[in-house]
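Numbering (the working numbering), first residue to last: 8 to 112.
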């Protein structure tokens, strides 16, 4: 096992909330599949719909972790951070699709 020395040594001893891990996977898998769906979609309208789904699922993920009672501060920040990164990517993808639709006209 990898030994961590120094100021981060205490992080290796913190327990991980397994329910949080399962919940994050529950949101992570469909969001990852949807990223691939944006790439293979044939029309701008379908890409826009997939982006809207991605933003909605990422928002639900943030909402779920944010309102989770009984999470440690570290687990909450980790969950919201991961969900927030995905939400940011989806919002940027949605904005790009909207820009592409507008400039196409």
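All C-beta atoms, glycine included, are put in the ideal place defined by N, C-alpha and C.
Query, Result
"Are residue 31 and residue 89 closer than 8 Å when you measure CB to CB?", "yes"
"Where does residue 36 land, buried or exposed, given buried means 16+ other C-beta within 10 angstroms?", "exposed"
"Which residue marks the beginning of the alpha helix (DSSP H) containing residue 97, and which one marks its end?", "80 to 111"
"Can you give the Cα-Cα distance for residue 112 and residue 105, rounded to whole angstroms?", "11 Å"
"Give me the Cα-Cα distance between residue 8 and residue 40, rounded to the nearest whole angstrom.", "Because the pLDDT of residue 8 is 48, which lies under 50, any placement of that residue in the model is unreliable, and the number read from its coordinates should be weighed accordingly. Using only the alpha carbons, I get a separation of about 33 Å."
"Which value, in whole angstroms, describes the spacing of the CA atoms of residue 22 and residue 84?", "15 Å"
"Should residue 100 and residue 61 be called a contact, given that it needs their Cβ atoms to be closer than 8 Å?", "yes"
"Beta-carbon within less than 6 Å of residue 54's beta-carbon, same chain only, minus the 5 sequence neighbours each way: which residues are those?", "45, 48, 104"
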